[in-house]
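Encoded as structure tokens, the structure appears first; notes follow it.
There are 2 protein chains.
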Amino acid sequence: MAKAGPVSKFAPATLPEIPPIDGVRFAAGMAGVRYSRRVDVMLALFDEGTRVAGVFTRSKCPSAPVDWCRARLSAGKARALLVNSGNANAFTGRLGRDAVKLSAELVAKAAQASERQIFLASTGVIGEPLDATKFERVLPKLVKTASPDAWHDAARAIMTTDTFPKLATRSAEIGGVEVRIAGFSKGAGMIAPDMATMLAFVFTDAPIGAEALQVLLSRSVRDSFNAITVDSDTSTSDTLLLFATGAAAARGAPQIDKASDARLDGFAAALDSLLLELAHQVVKDGEGARKFVEVRVSGAVNARAAKRIALSIANSPLVKTAIAGEDANWGRVVMAVGKSGEEADRDKLAIWFGDTRVAYKGQRDPSYDEAAVSEIMKRDEIKLAVDLGIGPGAATVWTCDLTKEYVAINGDYRS
Amino acid sequence: MAKAGPVSKFAPATLPEIPPIDGVRFAAGMAGVRYSRRVDVMLALFDEGTRVAGVFTRSKCPSAPVDWCRARLSAGKARALLVNSGNANAFTGRLGRDAVKLSAELVAKAAQASERQIFLASTGVIGEPLDATKFERVLPKLVKTASPDAWHDAARAIMTTDTFPKLATRSAEIGGVEVRIAGFSKGAGMIAPDMATMLAFVFTDAPIGAEALQVLLSRSVRDSFNAITVDSDTSTSDTLLLFATGAAAARGAPQIDKASDARLDGFAAALDSLLLELAHQVVKDGEGARKFVEVRVSGAVNARAAKRIALSIANSPLVKTAIAGEDANWGRVVMAVGKSGEEADRDKLAIWFGDTRVAYKGQRDPSYDEAAVSEIMKRDEIKLAVDLGIGPGAATVWTCDLTKEYVAINGDYRS
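Residue numbers (the numbering used here), protein chains in the order written: chain R, 979 to 1393; chain G, 979 to 1393.
Put into structure tokens, the structure is as follows:
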């Protein structure tokens, strides 16, 4: 892990207050996974009947906890979630599988739940065996002290190179009853679809069946966590879990088991909005980031092509260093469009920084005002738009600039 | 273009002496394309009967000179090559097409050759119209002073952010007669397959037909210029041209028109070796590079998968920053294997830095000596090998580290 650097300029002045979600309690503690006297473990406990959905890294070399969660997901039931930082338990072979099994057994025992309803996530160094026996000592205390209000502690416990905890909350109505959604995420480097190096845990009291929950989550992630990139690198450990306790049923919310049920429309919109906010916070805390960049591509042959082009721009080191240097270098944007491999017609391409069109129909826009663009590039948040002019496909992704601090964080260390 | 920085540590102490290639003459001059009093134009003149083959960027937004060369290549005949730095004539629309047409007319007039046998390449800023009338003044002098010995001047004239000229020479026998091959390249950033931002021009006196030449070139480029990456960014302008004057026929070398002719085996091997040397020099002069890195992947399901995995490793910002920091961070190599999307079995993966195996069968190699690996990482040239253990596919690519200087060169400037 990198040394602690300065806090991101995008860190909120104060953390948002997150209301409790009925049926969820949190606790954080120090298990000494990698460093002593550091909060490195987070336990979430769920009331009986909690349903769960998940989305994971598409890495072909996933971590042991990812394998574990995937296997547990089909039953769709959850009683606890244990997350540690300091060690990713990735590329740890047989020892890694033993460690997740032991972790789940220890949590099951402490929480008096079935081992099959325990979910696990780990973040930190890759390749080091994780000593799961370290959890044994802290688990009873975590179970005992778990509280519905410990959101900030929980969000902090899962941080690695993050410079601020990332939290968000929303509410929606289902059948006229208010339900709540809240969650937190971490991730600062090794962030790219699909997914980012990224852990995110979202909780709701809505009474939604596991299958419907999975459909909503998979759909929502496409334009949020799977539309961000810090450095094009995809982690072995990415995990997004959505837990629904169903506790709002006691207040009259109807149980819903089909994702297509129109009564879920408000919930789905709130979930989309919450995941997008958490994903944006991940990019804003991107390693070394000083600019938050929206890349919007339109006019591509289809949405898939638009997203590939947007990611080609968002991942280009030359585009990202130009943005770090506050230069509206649209030539590099053309380059990134061209290298994406997707259909493009140079003579129909238009490019905007902010609201200013800088290139049009295959050449520099003769009317553009360099001074205005120069002002735009000094902002913390920059919008870059490309229209290909050949079809209806559109997509938006978010990224940050590439700075010397990124190189310092990832190169100037000894692990 | 970036400001001039320090010369690469990999720059040769003295430039290699390149013997003349019969039928080829060079001249360099100052056309004032972007800056005055800077050598920015290079002319090569070829004797009648010269054949040509070429490989170009796969960008969907290629530059005007790339479009021009592609269209001229089918006839396979060349009398002159004009290359300028300072302006890429890319994304310049109708003005760009007019500029290449005028350039070719001017060269044809000065060299008394057909406009259809003039080849063009441009490197430099994207999106600025190229004023081709600037060539008119210098061309007569270039034609008059062209010399078979002006290799170093020619190689220097095409440099942009390069810190040293890149030249190489080989000889081979065809039918018992010695033939020569020599060439030069440029390219320091925006280097990725296929191809790099990269110009390379290679010349031979071998009497080889244009079709056979094209087959040899396309084959040779696969494991040389299409196996290097500096920053994963692909230029709009990449051009590799191979000119064969046929002058060795006067010394008894047989004319060969089929690439499969066994008499070309020695020539093909020499061409492979020469292109690889030029490609390696491009990586060694990569922007900000301090380490030259070979990434060898074996045991993949097939060669294509091996190359994709190798490029995933070679393009990973986290792998490249770790190498800049002299850390044998094989966890990031696992990450890059996993994100490639190619088949991999974590529990069969093995990773080496230099000759030291650091990971094996899904976990850290228990026997590896950290001190030995630490010494390896301090070297200027580092070999990284990955065996997937699941098939016969192998590939090797070359890259450099990612340093703060790369960010400085590409971000700390005002264009």
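All C-beta atoms, glycine included, are put in the ideal place defined by N, C-alpha and C.
With DSSP as the reference, label K976 (chain G) as helix, strand or coil.
-> The structure shown does not extend to residue 976 (chain G), since chain G is modelled only from 979 to 1393, so the question has no answer here.
Cα-Cα separation, I1186 (chain G) to L1194 (chain G) = Stepping through the second sequence from its first residue, residue 1186 (chain G) is reached at position 208. Stepping through the second sequence from its first residue, residue 1194 (chain G) is reached at position 216. Using only the alpha carbons, I get a separation of about 10 Å.
Determine the closest residue to M1313 (chain R) out of R:F1331, R:I1287, R:G1332 and R:V1078, with distance taken between C-alpha atoms.
-> Translated into the one-based positions of the first sequence, residue 1313 (chain R) becomes position 335. Among R:F1331, R:I1287, R:G1332 and R:V1078, the Cα nearest to that of M1313 (chain R) belongs to R:I1287.
Determine whether the Cβ of S1317 (chain G) lies closer than 8 Å to any Cβ atom of chain R.
-> Here residue 1317 (chain G) refers to the residue found at position 339 of the second sequence. Reading off the sequence, residue 1317 (chain G) comes out as Lys, not Ser. Yes, because at least one Cβ of chain R sits closer than 8 Å to the Cβ of K1317 (chain G).
By how many angstroms is the C-alpha of V1271 (chain G) removed from the C-alpha of P1171 (chain G)?
-> To locate residue 1171 (chain G), count along the second sequence from 1; it is residue 193. To locate residue 1271 (chain G), count along the second sequence from 1; it is residue 293. Bear in mind that the predicted position of P1171 (chain G) carries a pLDDT of just 34, short of 50, making it unreliable; the figure below should be weighed with that in mind. P1171 (chain G) and V1271 (chain G): Cα-Cα distance of roughly 16 Å.
Does any C-beta atom of chain G lie closer than 8 Å to the C-beta of K1269 (chain R)?
-> By one-based count along the first sequence, residue 1269 (chain R) stands at place 291. Cβ-Cβ to chain G under 8 Å: no for K1269 (chain R).
Is the stretch 1142 to 1161 of chain G touching the stretch 1248 to 1264 of chain G in the sense that three or more CB pairs, one from each, lie closer than 8 Å?
-> yes
How would you write the range of the alpha helix (DSSP H) that G1071 (chain G) sits in, first residue to last?
-> Sequence index remark: in the second sequence, residue 1071 (chain G) carries index 93 (1-based). Note, G1071 (chain G): alpha helix (DSSP H), G1071 to A1089.
M1008 (chain R) lies in the beta strand (DSSP E); which residues open and close that run?
-> Translated into positions along the first sequence, residue 1008 (chain R) becomes position 30. M1008 (chain R) -> no beta strand (DSSP E), and no H or E assigned at all.
So, is the C-beta of T1207 (chain R) closer than 8 Å to a C-beta in chain G?
-> Indexing the first sequence from 1 puts residue 1207 (chain R) at position 229. Not one chain G Cβ lies under 8 Å of T1207 (chain R).
Every unbroken alpha helix (DSSP H) within the stretch 1126 to 1162 of chain R, with a cutoff of 4 residues, ordered by chain | 1129 to 1135
Does the pairing of the stretch 1365 to 1377 of chain R with the stretch 1085 to 1093 of chain G give three or more beta-carbon distances under 8 Å?
-> no
Can the beta-carbon of D953 (chain G) be found closer than 8 Å to that of A1009 (chain G)?
-> This structure cannot speak to residue 953 (chain G), because chain G is shown only from 979 to 1393.
May I have the straight-line CA-CA distance separating A1005 (chain G) from T1123 (chain G), to the nearest angstrom?
-> If you number the second sequence from 1, residue 1005 (chain G) lands on position 27. If you number the second sequence from 1, residue 1123 (chain G) lands on position 145. Spanning the two alpha carbons is a distance of roughly 6 Å.
Stretch pair the stretch 1041 to 1052 of chain R + the stretch 1060 to 1068 of chain R: three plus CB contacts closer than 8 Å = yes
Taking a Cβ distance cut-off of 9 Å, strictly less, list which residues of the stretch 1293 to 1316 of chain R are near chain G, in chain order.
-> N1293, S1294, P1295, L1296, V1297, K1298, T1299, A1300, I1301, A1302, G1303, E1304, D1305, N1307, W1308, G1309, R1310, V1312, M1313, A1314, V1315 and G1316
Just the C-alpha distance for K1317 (chain R) and F1034 (chain G), rounded to the nearest angstrom, thanks.
-> For this step, residue 1317 (chain R) is matched to residue 339 along the first sequence. For this step, residue 1034 (chain G) is matched to residue 56 along the second sequence. For K1317 (chain R) and F1034 (chain G), the distance between alpha carbons rounds to 13 Å.
First through last residue of the beta strand (DSSP E) which encompasses S1063 (chain G) | The count along the second sequence starts at 1 and reaches residue 1063 (chain G) at position 85. Where S1063 (chain G) is concerned, the enclosing beta strand (DSSP E) stretches over A1058 to N1065.
Mapping DSSP to helix, strand and coil, what is R1324 (chain G)?
-> Translated into positions along the second sequence, residue 1324 (chain G) becomes position 346. Residue state, collapsed to three classes: helix.
So A1292 (chain R) packs on D1379 (chain R), CB below 8 Å; how close in whole Å?
-> Taking the first sequence and counting its residues from 1, one reaches residue 1292 (chain R) at position 314. Taking the first sequence and counting its residues from 1, one reaches residue 1379 (chain R) at position 401. No, A1292 (chain R) and D1379 (chain R) are not in contact; Cβ-Cβ is about 11 Å, not under 8 Å.
Thinking C-alpha only, which one of R:L1191, R:A1278, R:A1328 and R:I1206 is nearest S1238 (chain R)?
-> Here residue 1238 (chain R) refers to the residue found at position 260 of the first sequence. If we check each option's Cα against that of S1238 (chain R), R:L1191 comes out closest.
Establish whether the CB of G1332 (chain R) and some CB of chain G are separated by less than 8 Å.
-> The residue you call residue 1332 (chain R) lines up with position 354 of the first sequence. No, its Cβ sits nowhere closer than 8 Å to a Cβ of chain G.
Would you verify that the beta carbon of D1076 (chain G) is, or is not, closer than 8 Å to some beta carbon of chain R?
-> What you label residue 1076 (chain G) is simply residue 98 of the second sequence in a count that begins at 1. Not closer than 8 Å to any Cβ of chain R, the Cβ of D1076 (chain G) fails to qualify, so no.
Within 8 Å (strictly less), CB to CB, does C1039 (chain G) reach chain R?
-> The residue you call residue 1039 (chain G) lines up with position 61 of the second sequence. It does: the Cβ of C1039 (chain G) has a partner Cβ on chain R nearer than 8 Å.
Just mark Y1384 (chain G) as buried or exposed, buried being the case when its beta carbon has 16 or more other beta carbons within 10 Å.
-> Taking the first residue of the second sequence as position 1, residue 1384 (chain G) is located at position 406. Buried, since its Cβ has 16 or more Cβ neighbours within 10 Å.
So, is the C-beta of T1111 (chain R) closer than 8 Å to a C-beta in chain G?
-> Position 133 of the first sequence, counted from the first residue, corresponds to residue 1111 (chain R). No, its Cβ sits nowhere closer than 8 Å to a Cβ of chain G.
With a floor of 3 residues, list each beta strand (DSSP E) that falls wholly inside the stretch 1263 to 1309 of chain G, ordered by position along the chain.
-> 1270 to 1278
Of the listed residues G:A1056, G:K1236 and G:F1113, nearest to L1084 (chain G) (C-alpha basis) | Position 106 of the second sequence holds residue 1084 (chain G). For the residues G:A1056, G:K1236 and G:F1113, the minimum Cα distance to L1084 (chain G) belongs to G:F1113.
Taking R1282 (chain G) as the reference, which of G:A1088, G:E1156 and G:P1370 has the closest Cα?
-> Reading the second sequence from its first residue, position 304 is the one you call residue 1282 (chain G). Taking only the C-alpha atoms, the option nearest R1282 (chain G) is G:P1370.
By how many angstroms is the C-alpha of F1097 (chain G) removed from the C-alpha of R1050 (chain G)?
-> In the second sequence, residue 1050 (chain G) corresponds to position 72, counting from 1. In the second sequence, residue 1097 (chain G) corresponds to position 119, counting from 1. Cα to Cα, R1050 (chain G) sits roughly 8 Å from F1097 (chain G).
Across which residues does DSSP place M1020 (chain G) in a beta bridge pair?
-> Taking the first residue of the second sequence as 1, we reach residue 1020 (chain G) at position 42. M1020 (chain G) pairs with G:A1006 and G:V1061.
Evaluate V985 (chain G) with the Cβ neighbour count: other Cβ atoms within 10 Å of its Cβ, from every protein chain shown; 16 or more gives buried, anything less gives exposed.
-> Counting from one through the second sequence, the residue named residue 985 (chain G) turns up at place 7. Exposed, because fewer than 16 other Cβ atoms sit within 10 Å of the Cβ of V985 (chain G).
Taking C-beta to C-beta, are E1265 (chain G) and I1104 (chain G) nearer than 8 Å?
-> Locating residue 1265 (chain G) in the second sequence gives position 287, where the first residue counts as 1. Locating residue 1104 (chain G) in the second sequence gives position 126, where the first residue counts as 1. Not a contact, by the Cβ cut-off of 8 Å.
Is V1011 (chain R) close to chain G, meaning its C-beta is less than 8 Å from at least one C-beta of that chain?
-> Counting from 1 along the first sequence, the entry for residue 1011 (chain R) is found at position 33. It does not; no Cβ of chain G falls within 8 Å.
Any Cβ of chain G within less than 8 Å of the Cβ of T1139 (chain R)?
-> Along the first sequence, one-based indexing puts residue 1139 (chain R) at 161. T1139 (chain R) does not count as touching chain G.
What are the boundary residues of the alpha helix (DSSP H) that D1045 (chain G) is part of?
-> Here residue 1045 (chain G) refers to the residue found at position 67 of the second sequence. That run of the alpha helix (DSSP H) goes A1042 to L1051.
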